[in-house]
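The numbering of the sequence shown is our numbering, which starts it at 48 and goes up by one.
For every residue, glycine included, the Cβ atom is placed at its ideal position computed from N, Cα and C.
What follows is one structure encoded as structure tokens, with my remarks underneath.
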Amino acid sequence: MSTFMFYLNRLFSGRSLKTILLIACFILLAAAIWYLGPFTGFGKTRPFAAAQTRIVFILLAGAWFARFFWRIPFFLLVAATLCVLVWEMGPFVLIGEQWPLTSALRRLIIIAAIAFVTLIYAGCLLLLALSRNPHLLDDFHKFRKEKIRPPAEMLEVVAIIRKAAIRTRRVRTGIPGWRRFFMVSQDALPWYLVIGNESAGKTSLIVSSGQEFPVPEQLARTTGRNAPTAHCECWYANDALFVDTAGRLLTDTNDARPEWDGILNAIGKYRPINAINGVIIAISAADVMGASKTALRDCGALLRSRLHEIRTTLGVRCPVYVIVTKMDRLAGFEAYFRDLTAEGRDQIWGVTFPYGEKINATVAEQHIDSELALLASRIDSNISARQQEEYAIAERRKMYTLSQDFRALTENVAAVLQNVFFASRYDETQFYSTLRGVYFASARQLNEVPLANPSTLIQRWRRALSGQPATEADRTDGEEALISSWSGRHYFLKQLFAEVIIKDAGLVRYNLQAANRNRLVTLAGHAVGILLTIILFKGILTSFGLNDGYLDVVENRLVSLESSAARFMKTKNDSLVPELLALSQALPQMSPADVNNPELMWRYGLYVGFSMVNNATGLYEALLHRLLLPQIEQQTTQALRDAIPAGDPDRLYEALKLYLMIFGEGKFDRTTVEDGLSDRWEATGKMDAYQTNAAFIGHLRRLFGPDDWRRYGQPADVELIREARARLAQQSPDQRIYQRVTTLLNRDAPPNMTLAILSGDDTSPVFALNDAQLNEEGIPGLFTLEGYYDVVKKKGLPLVASFAAENGWVMGQPVSSSQQIELYGKVLSRYLSDYTRYWRGFLSDVHLALAREPSQDVSAGLSVELWLLRTLASSPSPLTHFAKEVARQTTLSEEGETIGDVLKMTNRSQTLSRIKKFDALLERQQKKLVRSGVDEHFTALHEFVRGGGAAGGVTPLNRMIALLNEQYTMLVISKNAMANGDTPPVTEAGKKLLAEAQTWPDPFREMVEPLLSSAFSNVEIQQVSLNNDAISSGIGEVCRTTLEGKYPFADSEKEVSLSAFTRFFAAGGLVDAYFTKNLAGKVDTSASPWRYKGTAQSEGLEIFEQAAEIRAAFFQQEEGRKLSLDLSVTVPHLAPGLMQLTLAVDGEKFRYAHGPVTPFYVKWPGARPGIGLFAKPVSASTDEASVPLSRLQINGAWALFRLHDRAVKVEPQPSDSELMTFSLDKRRVDLEITGLRYGDGSLLGLLQRFHCPGDQ
């Protein structure tokens, strides 16, 4: 139970618990990766679905967890993690619309780069470490040194241990394997290491142990005296093996150290797990009896050191047995134990301690002292009885001193043991005690001088009188030589070895690390062997099942193929051909495995797929030649017949070319044939039977693969070919070739030329195109300067030559080199014509990208034009870049590569030598075509951009930029002036620039003119707005205060005073003075309505125009400064019921009675404002005073105009007068007043139409 608790405590100690938790975390993480990985991902992507990926990430996690136990560099783990992520996660990385890491080569390159950086970093760290510690690599240099051969003694020691290990296992070699599998390992035979000082009796101890030594040479030595052990010796007993070591190995000398290490290393090598089962320490009583405390302490330290080396080197924890030998040397020993029988001498004399318990130094010392004291007490208690039993006086005397000598011996032995076995907190001895027991024995009784306690006074006096040495160390060599007798009796050994040491073999704790490693290796080996057996057995069974099933599938497919072939033979239906081809092609296939590269589960020596493929391939090829090839010939023939009357030259040409290829009359091109036949099968509906276009293409490639595919073909129809060629001869070949050349060259053409490229800035587009498609796509790259020089000029001639040669064999008319060059010239002319057409259309369509149309949002609008002007006039200017780039793109006649240079890069055949003869002629012809076809069409543009050619002269383009810069400056000044409320300065530079822009070539005229017009228009709008604001806040405010809402301007009781009216409308008044000062020079008063000069803007001028009309109508004296109207009044009609009519106007009276109509002249305004209209009715009374009057009385300065309002009816008369009809007591009175009209309207209407500025 205590042992269990000991291991349980160690298991849950801090370090062990941390290890267990780390291992548990790793297991949980590995389980999560393995079981949850297939369900983890993003979107529909599952990167951990593959078992290989999960295994790799589990191993990576294990490497990270291993860093807690081993000092693995962090950068190595980071590099390994990056490599794993690149390899496993790289295929799932999406950048834009591409998956750049799906290629294994790219991932390997990235991993190689990571490894290279890691090596560089590791090298830097190594150099840094070497700079700090130059001797860092000294340990690596020792491997380069020549190996030193160990001494012969070392080799002998290793040989002895190796021989012992082999000998203990030799018994297994003659046993059958099946029995050997169930036998216990012979390593269970215990080994004991015997150590002790020289002459401690180690060998005698072993041979006298009562063990059976079956080895003959060792058996013979058990009955005689043995020479001292030279190095070490293995004694082979039936129950154990004893390793006897030389006594000199216990000394701490340089000679003993290598040999001692050799013994331990050899045991550890040949018995790595259960190295030894115990250590027997032999201590001679003679060495301890008279030793000093210093000697005892040195002896204990040396023994402790050797035990520590045994534990650390062999990794075992075994019991230690301390045997005190040569007890017969004690005086009285033989006499005391003489009465013992043989069985009595076999018993144990000593102390056995509990093994493995933790005992501190004080308790251990007391325990050892107490137990040894008990042994001494037993001798004391029995000494009297033994003396009584002994008759010899001399023997009795010897017994008397035995008790005291034994007690002195035990005290010295306890002192040695305390130094050997006391607990230490710096090693494992603090947890347990390895001392198993202390025993006393005598193996042989030699005729040696008896030992006595040299510290007693009697012994010192006795030895001095007899001349005996005081201690064993003082003995002389001569005295040693006298000891020669040998006795065969032994005391207290047999049961010690048989009952204690041998039976304690299981107390050892073997090397757990080596045991676990060996157990793991053994388990792994058995597991691998069993796994390989299972895999092989399962593989054979699986392969047999798969191949058997595969043969069944092939047999079923063969039955279906035979059935389809039978139906085809009966019906001759061509729609069955795809089915026959598909069945024959799929006959050897297996799903999902690849028949030509099957997986391992199909193999194991049982695969039959290769033979199936060979047999099925022959059948498939036969069906292609017998069934598909006739269909192809029939369809190409029919396609050619249909194309002849269709009138499509391109279709007829392609049909004829395909026909000639199929029937072997032309140069065969596989791609052309595949595309042409696919289009034909699609057009005729035959492709549906093949289900997919790829399947049909696959059949064609297998058909046309061999060089002799025409061996089953039919001859061509000569008459059909002649008819087709005759139809094609009606079309110009250069047109057909040009279309094909441009189609091919467009694949290699540079990017399209867009406005962003021409302007050099795509962040803030300045230019735009009306054509949305052209604005987005631009001019095709083939029709640019780069397209001409890099594509057309380099590749055009070879392509034209190739197509001309093709056209030659298609038309049956071979083309010579001169004809090819002539065709090239015609094709180039067509290209140049399209080049000019593209750029003309582009330049005529380009304009400035104004952000808005001119509107009333003047402030924002002006900013747009200012921004455009600043951008165009800035340096670098997009307009300059655009102009120069357009001029460059439309100039193709610059010096470039010659035709010969092009031919050198494309052809080195005999054709080269023939065509180069026309090099000079071609160059002249080409330059002429380029100048006339492109450059001359843009001459005005080139001169505008580059000038007349004078070096350093100012070009029209530069002048235009300078003028734009001036206009930008003027507009900025105008904007600032208007922002401050001032009137901007007037300049004619803008109009002159607009006039000059009419002479500029496209597209500059259409660019600049709208911009400037928009800018000037917005300035004018701003000026009008400023004037309106000034008018509204100036005279507008006076008008609203003085006139607005008062009569005669409104129907109101309140009236405008005549003085206020005069002050406002008279010449030199408020309105006239303001107009004369601020607007007279800016307004065109000859137009109606008035407007600002040079514009159509009339906003805000209405008040001045109306005021001028009012002044002209009302202020007729003193040059418009005095309010005055000349009026004449007549009475054309007076009701018969009225006798007399009296009219009073501003103090002047006029009477009218029935009679001639005479006018009455008055001036308005008069002295006494007001109008009265009095009518006397007809009455019989003679008293006139008594007759009531009908009257109409109106007071006020504007009474005349209120009379106008009181009239029942007002009718304008041809004589520029107004006829007013009144009703006085229901009696009609007509007044015709002249002078109240102005133009086509009345004066009152003129006043009522007047509105103050800002009045809605």
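| Do Val326 and Val371 have their C-beta atoms closer together than 9 Å? | Val371 is positioned such that its CB atom lies no closer than 9 Å to that of Val326.
| message | By the three-class DSSP mapping on this structure, what secondary structure does Tyr651 have? | response | Three-state result, Tyr651: coil.
| query | Excluding sequence positions up to five away, which residues of its chain have a Cβ less than 6 Å from the Cβ of Pro147? | reply | Nothing listed; no residue qualifies.
| Segment limits, beta strand (DSSP E) that includes Arg179 | First-last for Arg179: 151-179, but that is the alpha helix (DSSP H), not the beta strand (DSSP E).
| said: Measuring straight from C-alpha to C-alpha, what distance separates Gln233 and Arg216? | reply: Only weak support exists for where Gln233 lies, its pLDDT of 47 falling under 50; the coordinates are left without a value.
| In angstroms, rounded to a whole number, what distance separates the CA positions of Pro635 and Val624? | Cα to Cα, Pro635 sits roughly 18 Å from Val624.
| task | Locate the beta strand (DSSP E) running through Arg1198, then write down its first and last residues. | result | First-last of the beta strand (DSSP E) with Arg1198: 1195-1200.
| request: Verify whether the separation of the beta carbon atoms of Tyr785 and Val839 is less than 9 Å. | output: Between Tyr785 and Val839, the CB-CB gap reaches or exceeds 9 Å.
| query | Terminal residues of the continuous alpha helix (DSSP H) containing Gln866? | reply | 864-892 is the extent of the alpha helix (DSSP H) around Gln866.
| query | Under 9 Å between the Cβ atoms of Lys1129 and Tyr1139? | reply | Cβ distance < 9 Å, so Lys1129 and Tyr1139 count as in contact.
| field | Cβ of Lys1223 within 9 Å of any chain B Cβ | value | The structure shown contains no chain B; it is built from a single protein chain.
| Strand pairing of Val555, partner residues [DSSP] | Paired residues: none, contrary to the question.
| field | Same chain only: Cβ atoms within 7 Å of Asn661, ignoring 5 sequence neighbours per side | value | The beta carbon of Asn661 sits closer than 7 Å to none of the beta carbons in its chain outside the five residues before and after it.
| message | Checking 9 Å against the spacing of the C-beta atoms, do Ile328 and Cys279 come in under that value? | response | No; because the gap between Cβ atoms is not below 9 Å, this pair is not in contact.
| message | Please classify Met734 as buried or exposed, where buried requires at least 16 neighbouring CB atoms within 10 angstroms. | response | When all chains shown are included, Met734 counts as buried.
| query | Per DSSP, Val398 is paired with what? | reply | Val485.
| task | Sort Ala110, Val1176, Glu1156, Ser1270 by Cα distance to Ala1182 and report the nearest one. | result | The alpha carbon of Ala1182 has as its nearest neighbour, out of Ala110, Val1176, Glu1156, Ser1270, the alpha carbon of Ser1270.
| query | In this structure, does DSSP put Ala329 in helix, strand or coil? | reply | It is a strand residue.
| field | Beta-carbon proximity list for Gln99, same chain, < 6 Å, skipping 5 on both sides | value | The beta carbon of Gln99 sits closer than 6 Å to no other beta carbon from its chain once the five residues preceding and following it are set aside.
| field | Close-in-space but distant-in-sequence residues of the same chain around Thr92 (CB under 7 Å, 5 per side omitted) | value | Only Phe139 meet the Cβ criterion.
| field | Limits of the beta strand (DSSP E) - the one that Glu280 falls within | value | Looking at the DSSP string, the run of the beta strand (DSSP E) that includes Glu280 is 279-283.
| task | My understanding is that Phe743 touches Arg717, with C-beta atoms under 8 Å, so please give their C-beta distance in whole angstroms. | result | 14 Å between Cβ atoms; not a contact.
| said: Quick check: the Cα distance between Ile67 and Arg114, rounded to an integer number of angstroms? | reply: Between Ile67 and Arg114, the C-alpha separation is close to 15 Å.
| field | Range of the contiguous alpha helix (DSSP H) that encloses Val765 | value | Segment 765-775, the alpha helix (DSSP H) holding Val765.
| query | Hey, Thr292 and Arg364: beta-carbon distance below 9 Å or not? | reply | Arg364 is positioned such that its CB atom lies no closer than 9 Å to that of Thr292.
| message | Within 8 Å, do at least three Cβ pairs link the stretch 584-597 to the stretch 313-325? | response | They do not touch, by the three-pair rule.
| said: Pop quiz: Ile1157 and Phe1112 are said to be a contact at Cβ under 8 Å. What is the actual Cβ separation, rounded to whole angstroms? | reply: About 5 Å; that satisfies the 8 Å criterion.
| field | Nearest to Gly1213 (by Cα), restricted to the options Lys1101, Pro1203, Ser1171 | value | Looking at the Cα atoms, Ser1171 is the closest of the given residues.
| message | Across the stretch 865-878 and the stretch 814-828, are there enough close Cβ pairs to call them in contact, namely three or more that are closer than 8 Å? | response | They do not touch, by the three-pair rule.
| said: Cutting at 7 Å between CB atoms, please list the residues of its own chain near Val601, excluding the five before and the five after it. | reply: Cβ neighbours of Val601 beyond the five flanking positions: Leu634, Pro635, Met659.
| query | Between the C-alpha atoms of Thr1281 and Leu1018, what's the straight-line distance to the nearest angstrom? | reply | C-alpha separation (whole angstroms): 55 Å.
| query | Distance, Cα to Cα, Glu526 vs Arg209? | reply | Only weak support is given to the placement of Glu526: the predicted model assigns it a pLDDT of 42, under 50, and the question is left unresolved by the model.
| Nearest-angstrom Cα separation, counted from Val1257 out to Gln1153 | For the pair Gln1153 and Val1257, the Cα-to-Cα distance works out to about 23 Å.
| said: Mapping the DSSP letters down to three states, classify Asn321 as helix, strand or coil. | reply: Assigned with DSSP and collapsed to three states, Asn321 falls in coil, not helix or strand.
| Arg118 - DSSP class collapsed to helix/strand/coil | In the displayed model, Arg118 falls within coil according to three-state DSSP, outside both helix and strand.
| said: For Phe814, count the other beta carbons within 10 Å of its own beta carbon; 16 or more makes it buried, fewer makes it exposed. Which is it? | reply: When all chains shown are included, Phe814 counts as buried.
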